[in-house]
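Written out below as structure tokens is the structure these notes cover.
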Amino acid sequence: MGITWRKGAWPAAPLALALLTVTGCDSAPDARAEPTVGPSTAVARVCAKPAAGPAKAPAGAVPVDPAVVGDLAAKTRGHPPRTTFWLRPGTHRLAPGRYAQVVPKRGNRYLGAPGAVLDGRKKNQYAFGGGARDVTIRHLTVQRFQAPPDEGVVNHDSADGWVVEHATIQHNSGAGLMAGARQRVRASCLRGNGQYGMNAYKDDGPLTDLVVEGNEITGNNTDDWERRRKGCGCTGGVKFWAVDGADVRGNWVHDNRGAGLWADTNNNDFRIEDNVLEANDGAALIYETSYNAVIRKNTIRRNNWVEGRRYADRGDTFPFATVYLSESGGEPRVKARTDKIEIYRNVLEDNWSGITLWENADRFCNSPANTSTGDCTLLVRDTDRCARPAIATAPLYDDCRWRTQRVDIHGNRFVLDTSVVRCTAKCDRMAVLANYGTYPDWSPYQGRRVAEAITHKQHNRWHDNVYLGPWKFVAHDPSRVLDFGQWQSAPYEQDAGSTLDVRAGG
Numbered sequence: 002m003g004i005t006w007r008k009g010a011w012p013a014a015p016l017a018l019a020l021l022t023v024t025g026c027d028s029a030p031d032a033r034a035e036p037t038v039g040p041s042t043a044v045a046r047v048c049a050k051p052a053a054g055p056a057k058a059p060a061g062a063v064p065v066d067p068a069v070v071g072d073l074a075a076k077t078r079g080h081p082p083r084t085t086f087w088l089r090p091g092t093h094r095l096a097p098g099r100y101a102q103v104v105p106k107r108g109n110r111y112l113g114a115p116g117a118v119l120d121g122r123k124k125n126q127y128a129f130g131g132g133a134r135d136v137t138i139r140h141l142t143v144q145r146f147q148a149p150p151d152e153g154v155v156n157h158d159s160a161d162g163w164v165v166e167h168a169t170i171q172h173n174s175g176a177g178l179m180a181g182a183r184q185r186v187r188a189s190c191l192r193g194n195g196q197y198g199m200n201a202y203k204d205d206g207p208l209t210d211l212v213v214e215g216n217e218i219t220g221n222n223t224d225d226w227e228r229r230r231k232g233c234g235c236t237g238g239v240k241f242w243a244v245d246g247a248d249v250r251g252n253w254v255h256d257n258r259g260a261g262l263w264a265d266t267n268n269n270d271f272r273i274e275d276n277v278l279e280a281n282d283g284a285a286l287i288y289e290t291s292y293n294a295v296i297r298k299n300t301i302r303r304n305n306w307v308e309g310r311r312y313a314d315r316g317d318t319f320p321f322a323t324v325y326l327s328e329s330g331g332e333p334r335v336k337a338r339t340d341k342i343e344i345y346r347n348v349l350e351d352n353w354s355g356i357t358l359w360e361n362a363d364r365f366c367n368s369p370a371n372t373s374t375g376d377c378t379l380l381v382r383d384t385d386r387c388a389r390p391a392i393a394t395a396p397l398y399d400d401c402r403w404r405t406q407r408v409d410i411h412g413n414r415f416v417l418d419t420s421v422v423r424c425t426a427k428c429d430r431m432a433v434l435a436n437y438g439t440y441p442d443w444s445p446y447q448g449r450r451v452a453e454a455i456t457h458k459q460h461n462r463w464h465d466n467v468y469l470g471p472w473k474f475v476a477h478d479p480s481r482v483l484d485f486g487q488w489q490s491a492p493y494e495q496d497a498g499s500t501l502d503v504r505a506g507g
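Just so we're aligned, residue 2 is where the sequence shown starts under my numbering, counting upward by one.
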């Protein structure tokens with residue numbers, strides 16, 4: 002697949018430079034400071050107590066015997082499409098070859114009995130592959146497969162229409178799960194996989210209409226790929242790539258090494274709502290070089306302590322945040338359920354910083370700084386058009402770069418207790434900024450043009466928020482650190498209708 006780190010996400014010295022109900026409003030009782038409606042979030046604690054599958058074979062189902070090595074793959078080959086297979090209790094094994102995976106036929110259903118486990122024994126690369134559509138996997142544990150980096154164990158070939166429910170996909174290399182169009186992933190445990198819990202990437206596209214609902218996504222990237230491939234951008238709980246239409250709701254995304262959720266390059270039309278995102282080493286959410294999203298009613302707490310602190314300790318002044326929008330914004334010309342990015346009614350509590358809106362002035366189609374190599378915006382189909390002299394004039398001047406624009410941040414509650422985060426500086430910032438454009442030499446975006454645009458001209462707006470704790474604000478570039486009064490005053494005029502209580506955070 003060859004997905005690589007898109008460096009636009011964390012610029013180094015900015016280039017010039019059972020349900021568990023959780024609420025996030027319990028640490029600051031000041032009723033005057035509350036948003037009118039806070040998040041009411043229920044997430045499934047599915048890893049600790051997964052729902053049990055059928056104890057007896059359903060009518061017409063083909064039983065699969067764990068005592069017979071390769072029985073599941075053999076019976077799949079020997080039966081027609083739309084067959085239901087019932088895996089008896091016990092540990093099921095495939096033949097010992099690397100490519101001995103199950104290749105379902107269209108409409109096949111795989112149901113695990115209580116205690117049914119499909120174990121790759123660190124010998125098989127994949128569990129389920131092939132291009133068959135509308136396959137269902139329920140109540141099955143899939144573990145210890147050895148997929149290569151950027152590849153997945155379940156639905157390895159990103160076939161369309163799969164349903165994965167009440168499954169446990171754990172302790173695999175690579176990604177536990179890939180995604181195809183119309184895929185549904187519900188009430189499943191994606192735990193302790195070497196790279197991602199899920200990699201929503203489809204090589205031959207399009208990947209549309211994805212639902213990720215009620216899952217527990219925890220402890221992924223055990224192989225620490227950012228250290229093995231420095232700057233690869235290939236880690237976290239879930240990675241989305243060029244997904245058009247996704248509902249990500251009611252998930253508990255926690256304790257992943259790296260980001261919790263990461264949408265990277267030409268995603269569009271996301272609704273990220275009613276999730277609990279907590280204690281991820283990096284950002285809770287990265288939305289990068291993508292379009293049109295609603296991010297609402299999420300509880301976001303104790304994220305980015307590891308990565309934020311690491312950069313601060315190195316002396317980096319960039320405002321590394323827990324919700325990070327990098328070259329992403331609303332675009333009415335790209336069809337979606339919204340024409341902006343709206344972030345509202347979330348509670349962010351004791352994270353390393355808050356929300357950063359960033360634009361890399363040197364990142365655009367055909368630029369060497371475009372680490373989404375070979376990709377261009379959704380507004381330009383012929384990448385070769387983004388070249389001089391045409392790129393310096395309308396419409397290509399705007400259309401050849403991903404722009405952080407039309408972002409509306411309102412009705413959120415931002416709580417920071419520095420004694421909880423254990424920090425004294427650089428963990429307390431909201432930001433809207435860009436770097437000073439420098440290259441390539443034919444770039445029409447050199448100088449402060451992009452910084453001026455993202456700060457003043459692209460309709461990025463904070464308003465009607467509540468801040469509890471010692472928050473600071475960064476505008477235009479990392480050197481402009483503002484207090485609340487400066488942030489609200491000209492020329493920035495942000496956070497109209499918002500309140501700040503410095504002493505209420507802890």
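Virtual Cβ for every residue (Gly too), placed ideally from N, Cα, C.
The model shown is predicted, which means the values in this text are computed figures rather than measured ones.
Answer with buried or exposed for residue i, where buried requires no fewer than 16 other C-beta atoms within 10 angstroms of its C-beta.
i: proline 51; result: buried
i: histidine 172; result: buried
i: serine 354; result: buried
i: arginine 258; result: buried
i: alanine 128; result: buried
i: arginine 250; result: buried
i: arginine 504; result: exposed
i: valine 23; result: Note that valine 23 has pLDDT 37, beneath the 50 cutoff, so the model's placement of it is unreliable and no number is given.
i: glycine 498; result: exposed
i: alanine 29; result: Bear in mind that a pLDDT of 35 at alanine 29, under 50, signals an unreliable position, so the model cannot answer this.
i: arginine 303; result: buried
i: aspartate 275; result: buried
i: serine 420; result: exposed
i: threonine 77; result: buried
i: glycine 506; result: buried
i: serine 490; result: exposed
i: serine 444; result: buried
i: tyrosine 325; result: buried
i: aspartate 314; result: exposed
Please work out which residues of its chain come closer than 6 angstroms, Cβ to Cβ, to residue i, disregarding the five sequence neighbours upstream and downstream, and give them in chain order.
i: asparagine 413; result: Asn347, Asn466
i: threonine 142; result: Val118, Thr169
i: lysine 231; result: none
i: threonine 236; result: Asn222, Trp226, Glu227, Gly259
i: alanine 452; result: Ala435, His477, Asp478
i: glycine 198; result: Gly177, Leu191, Ile218, Asn221, Gly238, Val239
i: threonine 241; result: Reading the sequence as shown, one finds phenylalanine at residue 241 and not threonine. The answer, listed in chain order, is Ala201, Ala264, Asn268.
i: glutamate 35; result: Here the model assigns glutamate 35 a pLDDT of 42, short of 50, so the residue's position is not dependable, and the following value carries that caveat. Cβ within range, chain order: n/a, list empty.
i: glycine 113; result: Gly54, Leu88, His140, Leu141
i: threonine 109; result: Reading off the sequence shown, one finds asparagine at residue 109, where the question assumed threonine. Cβ within range, chain order: Thr84, Val136.
Grab me the residues of residue i's own chain with a C-beta within less than 7 angstroms of its C-beta, minus the 5 sequence neighbours each way, in chain order.
i: alanine 17; result: A caution first: alanine 17 carries a pLDDT of 32, below 50, which makes its placement in the model too unreliable to give a value.
i: glycine 309; result: Phe321, Trp353, Ser354, Cys428
i: arginine 94; result: Val70, Asp120, Arg122
i: leucine 501; result: Tyr468, Trp472, Phe485
To which residues of the same chain is residue i closer than 8 angstroms at the C-beta, ignoring the five residues directly before and after it?
i: threonine 209; result: Ala182, Arg183, Val244, Asp245, Gly246
i: lysine 381; result: A small fix is needed here, since residue 381 is valine in this sequence, not lysine. Closer than 8 angstroms at Cβ, skipping near neighbours: Cys366, Cys387, Leu397, Asp400, Cys401.
i: valine 482; result: Arg430, Lys473, Phe474, Val475
i: aspartate 72; result: Val65, Asp66, His93
What are the start and end residues of the alpha helix (DSSP H) that includes residue i?
i: glycine 309; result: 306-314
i: glycine 79; result: 72-79
i: tyrosine 398; result: 397-400
Sort out for me which residues DSSP pairs residue i with in a bridge.
i: proline 64; result: Trp87
i: valine 154; result: Per DSSP, none; premise fails for valine 154.
i: glycine 330; result: Tyr292
i: phenylalanine 129; result: Val103, Val155
i: glycine 113; result: Leu88
i: arginine 94; result: Asp120
i: arginine 346; result: BP columns for arginine 346 are empty, so no partner.
i: arginine 185; result: Val164, Val212
i: valine 324; result: Leu286, Ile356
Which first and last residues belong to the beta strand (DSSP E) in which residue i is found?
i: threonine 300; result: 300-302
i: valine 408; result: 408-411
i: leucine 501; result: 500-502
Examine the ligand ATP and report whether any of its heavy atoms sits within less than 6 angstroms of the Cβ of residue i.
i: arginine 258; result: This structure lacks the ligand ATP; in fact it carries no ligand of any kind.
Task: Those runs of the alpha helix (DSSP H) which lie wholly inside the stretch 413-459 and span at least 4 residues - done: 419-422, 450-453
TODO: Output the residue ranges of the alpha helix (DSSP H) runs that lie fully inside the stretch 188-226 and measure 4 residues or longer, sorted by chain position.
DONE: none
- [ ] Please specify which runs of the alpha helix (DSSP H), each continuous and at least 4 residues long, are wholly inside the stretch 453-498, giving them in chain order.
- [x] 485-489
Task: Contained alpha helix (DSSP H) runs [length at least 4] in the stretch 131-179, N- to C-terminal order - done: none
TODO: Ignoring anything shorter than 4 residues or poking outside the stretch 216-298, list the alpha helix (DSSP H) runs there in chain order.
DONE: 226-229
Task: Runs of alpha helix (DSSP H) lying entirely within the stretch 349-391, each at least 4 residues, in chain order - done: none
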